[in-house]
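I have placed the structure first, in the form of structure tokens, so that the comments after it can refer back to it.
Number of protein chains: 2
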Amino acid sequence: MTTSPGPAQPELTQEERAAVYKCILNRRDVRRQFTDRPIDDAVLARILNAAHHAPSVGFMQPWDFIVVRDPAVKGAVFDAFTRANTEAADRFPDARRDAYRRLRLEGIRQAPINLCLTCDRSRAGPVVLGRTHQPEMDLYSVVCAVQTLWLAARAENIGVGWVSILAYDDLRRALGIPPEIQPVAYLCLGHVDGFAAEPDLQTAGWRARLPLADLVWFDGWQRRDGDEPLLSAIGALTGEPPTD
Amino acid sequence: MTTSPGPAQPELTQEERAAVYKCILNRRDVRRQFTDRPIDDAVLARILNAAHHAPSVGFMQPWDFIVVRDPAVKGAVFDAFTRANTEAADRFPDARRDAYRRLRLEGIRQAPINLCLTCDRSRAGPVVLGRTHQPEMDLYSVVCAVQTLWLAARAENIGVGWVSILAYDDLRRALGIPPEIQPVAYLCLGHVDGFAAEPDLQTAGWRARLPLADLVWFDGWQRRDGDEPLLSAIGALTGEPPTD
Chain L
2 MTTSPGPAQP ELTQEERAAV YKCILNRRDV RRQFTDRPID DAVLARILNA AHHAPSVGFM
62 QPWDFIVVRD PAVKGAVFDA FTRANTEAAD RFPDARRDAY RRLRLEGIRQ APINLCLTCD
122 RSRAGPVVLG RTHQPEMDLY SVVCAVQTLW LAARAENIGV GWVSILAYDD LRRALGIPPE
182 IQPVAYLCLG HVDGFAAEPD LQTAGWRARL PLADLVWFDG WQRRDGDEPL LSAIGALTGE
242 PPTD
Chain C
2 MTTSPGPAQP ELTQEERAAV YKCILNRRDV RRQFTDRPID DAVLARILNA AHHAPSVGFM
62 QPWDFIVVRD PAVKGAVFDA FTRANTEAAD RFPDARRDAY RRLRLEGIRQ APINLCLTCD
122 RSRAGPVVLG RTHQPEMDLY SVVCAVQTLW LAARAENIGV GWVSILAYDD LRRALGIPPE
182 IQPVAYLCLG HVDGFAAEPD LQTAGWRARL PLADLVWFDG WQRRDGDEPL LSAIGALTGE
242 PPTD
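Protein chains in written order, with the numbering used here: chain L, 2 to 245; chain C, 2 to 245.
This is the structure in structure tokens:
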């Protein structure tokens, strides 16, 4: 057995780097603005192939992709969303509840493609390299696939929304997912009229973006000793004022 | 309160799309090949800012970033890895154990920067939009930040490795992380001599890449009725033979 790597892969150029950042910074969670235009199979194949190249613990690749196009199946998921969303609204304090109810939180029926990503926790046998001490790593691998898919879709100018206001059991029932398979994400995909300049929840005044520098520590939790050039670099990049 | 979006964001061009795919398909989990070259603070600031633009449930942004540079702290984490890795090897059947022991699974001391991403589950109060029915969504948001950071680093030609063979309690002790904060990922970052053409675990014969088409279903778990043009498109893209 050899562990030597294959030939080295190409460096990314400055232009390519800028494209990746453009994609990351302009990605949005889309729940409105889906158009009727179908997604070409060649495009969907590229997006799924990108997701399949996400990192996975022990190279487990524990994901499956359920492509949902049938209006009856979408309808069942939408009904499950509606039930969950009604319950969810009731959990917020009065002052937030009305604001919550005004938000648009899903695009299940409008998006031409819905996509459920699942985790088969037994795919690589009972002992998985890298999962021995952090048992969630297989679920986390599927989440890495979700975010990779999301960025690939943005690169195709296709919007993605993650609908998490769904009871897992309802999702299992709607899609016939057996007990041993864990649903991880239910996504809506489609072409859009445009991508908003900022997250919908920020625009709606629900919650603001936090200053990055307030979230960065050094060599220990909430440790910061003296001047840190990295914090100045963050300030220069984001225009945030220096933190105390 | 308005929920109207801001001005539409720019479409990505074909060249930009190609750059995003190049980044995604050539990302690797790096445990060897780190060089001594330090990471510029301006580069690290860009990478962290990318991670901070990951999606998060309810725009919660539950992440913190602990930058680890102190050799003593790295040493404590390396000791924790060594303990966990010895335990891990013992869990594999005989035939796999020797192969496991030959793998290089961390670059803690070689990488100039280690980075721990954590989740503050109480950051947005007890009730979080989108977490009411899927309580893991805040942890998953931090994983989205990890994968976003990983791709931004690849765009900077910086290698990243995710070290998950660590007991959470050891990680808490080494970094002073309090009980109410959940460690999610411990990463090693650094410039590299090159990126391998395929995952190390594939090169080592540990596990092969699965055919993508075997993982794609339609309107229900393991459902596939008749010819599916998407499967042909996947075959055309990946060169996989058609599945039954």
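Glycine residues also receive a C-beta, built at the ideal position from the N, C-alpha and C atoms.
Fair warning: this is a prediction, and the values are worked out from it, not measured in the lab.
Open item on the list: For Ser-5 (chain L), count the other beta carbons within 10 Å of its own beta carbon; 16 or more makes it buried, fewer makes it exposed. Which is it?
Closed with: Its pLDDT being 49, under 50, Ser-5 (chain L) is placed unreliably in this model, and the value from its coordinates should be taken loosely. Result: exposed.
- [ ] Could you name the residues of chain L that Pro-179 (chain C) contacts, counting a contact when the two beta carbons are closer than 8 Å?
- [x] Trp-222
TODO: Can you tell me the Cβ-Cβ gap for Gly-59 (chain C) and Leu-140 (chain C), rounded? I've got them flagged as a contact below 8 Å.
DONE: The Cβ separation is near 13 Å, so there is no contact.
Open item on the list: Quick check on Arg-124 (chain C): buried or exposed, where buried means 16 or more other Cβ atoms within 10 Å of its Cβ?
Closed with: Buried, because 16 or more other Cβ atoms sit within 10 Å of the Cβ of Arg-124 (chain C).
Task: Proximity to Arg-210 (chain C) [Cα-Cα], best of C:Pro-200, C:Ile-182, C:His-54 and C:Gln-223 - done: Measuring from the Cα of Arg-210 (chain C), the nearest candidate turns out to be C:Pro-200.
TODO: Say whether the region 105–112 of chain C touches the region 186–194 of chain C, bearing in mind that this needs 3 or more beta-carbon pairs closer than 8 Å, one atom from each stretch.
DONE: yes
- [ ] At 4 residues or longer, and completely inside the region 5–56 of chain L: list those alpha helix (DSSP H) runs for me, N to C.
- [x] 15–26 and 42–53
Task: Neighbourhood of Val-21 (chain C) by C-beta distance below 6 Å, restricted to the same chain and skipping five residues each side - done: none
- [ ] Establish whether the CB of Pro-230 (chain L) and some CB of chain C are separated by less than 8 Å.
- [x] Judged by the 8 Å Cβ criterion, Pro-230 (chain L) is in contact with chain C.
Open item on the list: Can you confirm whether Gly-227 (chain L), when its beta carbon is compared against all beta carbons of chain C, has any partner nearer than 8 Å?
Closed with: No, its Cβ sits nowhere closer than 8 Å to a Cβ of chain C.
Task: Beta-carbon spacing of Val-185 (chain L), Leu-118 (chain L) below 8 Å - done: Going by C-beta atoms, Val-185 (chain L) is nearer than 8 Å to Leu-118 (chain L).
Task: Closer than 7 Å at the beta carbon, the chain C residues around Arg-102 (chain L) - done: Those do not exist, as Arg-102 (chain L) stays about 11 Å from chain C at its closest Cβ, beyond 7 Å.
Task: Interface partners of Arg-70 (chain C) on chain L, CB under 9 Å - done: Phe-219 and Asp-220
Open item on the list: I'd like to know if Arg-122 (chain C) contacts chain L, where contact means its C-beta is closer than 8 Å to some C-beta of that chain.
Closed with: no
- [ ] Examine chain C for any beta-carbon lying closer than 8 Å to the beta-carbon of Phe-35 (chain L), and answer yes or no.
- [x] no
Open item on the list: Between L:Phe-35, L:Gln-10 and L:Asn-27, which has its C-alpha nearest Leu-26 (chain C)'s C-alpha?
Closed with: L:Gln-10
- [ ] Closer than 8 Å by beta-carbon distance: list the chain L residues that pair up with Cys-24 (chain C), in chain order.
- [x] Leu-13, Glu-17 and Val-21
Open item on the list: Quick check: what's the CA-CA separation for Arg-225 (chain L) versus Arg-103 (chain L)?
Closed with: Between Arg-225 (chain L) and Arg-103 (chain L), the C-alpha separation is close to 41 Å.
Task: Candidates C:Glu-157, C:Ser-142 and C:Ile-159, of which the one nearest Ala-151 (chain L) by Cα - done: The residue asked about is misnamed: residue 151 (chain L) is Trp in this sequence, not Ala. When each option's Cα is compared against that of Trp-151 (chain L), the closest is C:Ser-142.
TODO: Just tell me which of C:Thr-204, C:Val-31 and C:Ala-19 has its CA closest to the CA of Ser-165 (chain C).
DONE: C:Val-31
Task: Contact with chain C by Thr-239 (chain L), beta-carbon distance below 8 Å - done: yes
TODO: Report yes if the C-beta distance between Arg-122 (chain L) and Pro-63 (chain L) is below 8 Å; otherwise report no.
DONE: yes
Open item on the list: Between the alpha carbons of Thr-3 (chain C) and Gly-240 (chain C), how many angstroms are there, rounded?
Closed with: Residue placement at Thr-3 (chain C) cannot be trusted, given a pLDDT of 40 that sits under 50; the coordinates are not used to answer.
- [ ] Identify the contact partners of Cys-189 (chain C) in chain L, using a Cβ-Cβ distance below 8 Å as the criterion.
- [x] Under the 8 Å cutoff, chain L gives no residues; its nearest Cβ is about 13 Å from Cys-189 (chain C).
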